[in-house]
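Written below as structure tokens is the structure these notes are about.
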Amino acid sequence: MKVIVDRDLCIGCALCTVLADGVFEMDDDKAKPKRKIGMSRTNNLKAAKEAEKSCPVGAISVAVQ
Numbered sequence: 001m002k003v004i005v006d007r008d009l010c011i012g013c014a015l016c017t018v019l020a021d022g023v024f025e026m027d028d029d030k031a032k033p034k035r036k037i038g039m040s041r042t043n044n045l046k047a048a049k050e051a052e053k054s055c056p057v058g059a060i061s062v063a064v065q
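Rendered as structure tokens:
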């Protein structure tokens with residue numbers, strides 16, 4: 001899984017960290033993917049995809065590799 005957050009678009013609402021705390025974290029009031037993604041890959045993929053759909057500004061991209 002490859003997760004990208006466009007930090008120029010991110011408004012720092014932190015919704016992604018609520019929906020997928022194993023995938024995202026906040027840094028300087030902006031979201032970023034965690035360096036090491038925890039939990040199981042299946043759970044993280046589902047949560048990351050939900051965060052991607054829910055991001056109010058479309059700053060998140062999730063791709064399966």
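Sequential numbering of the sequence shown, starting at 1, is according to UniProt numbering.
The beta carbon of each residue, even a glycine, is placed where N, CA and C say it ideally should be.
Using the Cα positions of S61 and L19, report the straight-line distance between them to the nearest angstrom. As a working mapping, residue 61 is identified with position 61 in the sequence shown. As a working mapping, residue 19 is identified with position 19 in the sequence shown. Spanning the two alpha carbons is a distance of roughly 15 Å.
If you draw a straight line from the alpha carbon of C16 to that of N44, how long is it in whole angstroms? Locating residue 16 in the sequence shown gives position 16, counting from the first residue. Locating residue 44 in the sequence shown gives position 44, counting from the first residue. Those two C-alpha atoms are separated by around 12 Å.
If V5 sits next to A59, beta carbons under 8 Å apart, how far is it from one beta carbon to the other, in whole angstroms? Translated into positions along the sequence shown, residue 5 becomes position 5. Translated into positions along the sequence shown, residue 59 becomes position 59. Their Cβ separation, rounded to whole angstroms, is 6 Å, which keeps V5 and A59 in contact under 8 Å.
Neighbourhood of E50 by C-beta distance below 6 Å, restricted to the same chain and skipping five residues each side: Translated into positions along the sequence shown, residue 50 becomes position 50. Excluding positions up to five away in sequence, the list reads L19.
Alpha-carbon to alpha-carbon, V3 and G22: Counting from 1 along the sequence shown, the entry for residue 22 is found at position 22. Counting from 1 along the sequence shown, the entry for residue 3 is found at position 3. Cα to Cα, the separation comes out at about 12 Å.
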